[in-house]
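The sequence shown begins at 302 in my numbering and counts up one residue at a time. Beta carbons are placed, not taken as given, at the ideal position from N, Cα and C, and that holds for glycine. Encoded as structure tokens, the structure appears first; notes follow it.
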Amino acid sequence: MSRQPIQSLAIALLVTGIGACGAGASSDIKTACTENTNTPPEACDCLASGAEEHLSEPAQEWLAAAMSGQTELAVKLKDNVPIADLIQASTFMMNYAERCAVPDTALSKIK
């Protein structure tokens, strides 16, 4: 799998300024990833697990809102997340693209 879908989302989060250690927030990230991106479910699982492990709960909640297209909520949540956590969440999205990449089995079958 290309890391393009997750990287594109990370760039969009950075550009718009919308863009975590509760299980609810990581579940919301997984749901937002699967429903709002073309990222494979396995990569979304990886992303949610990584967010739970590496991001604060407020940053996870903000990221889930941003990924699910809840712009107004994300803006409100952003005001309660320390800038260092927002930077960490954005950096996390950029770095986890490669870590969570799933091999593209269709392309691997082409000879």
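Following the DSSP letters along the chain, one finds ASP346 inside the alpha helix (DSSP H) bounded by residues 342–355. Check the Cα spacing between SER350 and each of ALA367, ILE330, ASN337, PRO359: the tightest is with ILE330. Annotation: the stretch 351–392 contains the following complete segments of the alpha helix (DSSP H) (minimum length 4 residues), in chain order: 358–368, 372–379. Residues CYS347, GLY351 of the same chain have their beta carbon placed closer than 8 Å to that of ARG400, with the five preceding and five following residues left out of the count. Contact check for ALA390 against ALA326 fails: the beta carbons are separated by 7 Å or more. When secondary structure is reduced to three states using DSSP, CYS401 falls in the coil class, being assigned neither helix nor strand.
Annotation: MET368 to ASN337 spans about 7 Å, alpha carbon to alpha carbon. Excluding residues up to 5 positions away in sequence, PRO359, GLU362, TRP363, ALA366 lie with their Cβ nearer than 8 Å to the Cβ of LEU378 in the same chain. Here THR338 carries a coil assignment [DSSP, helix/strand/coil].
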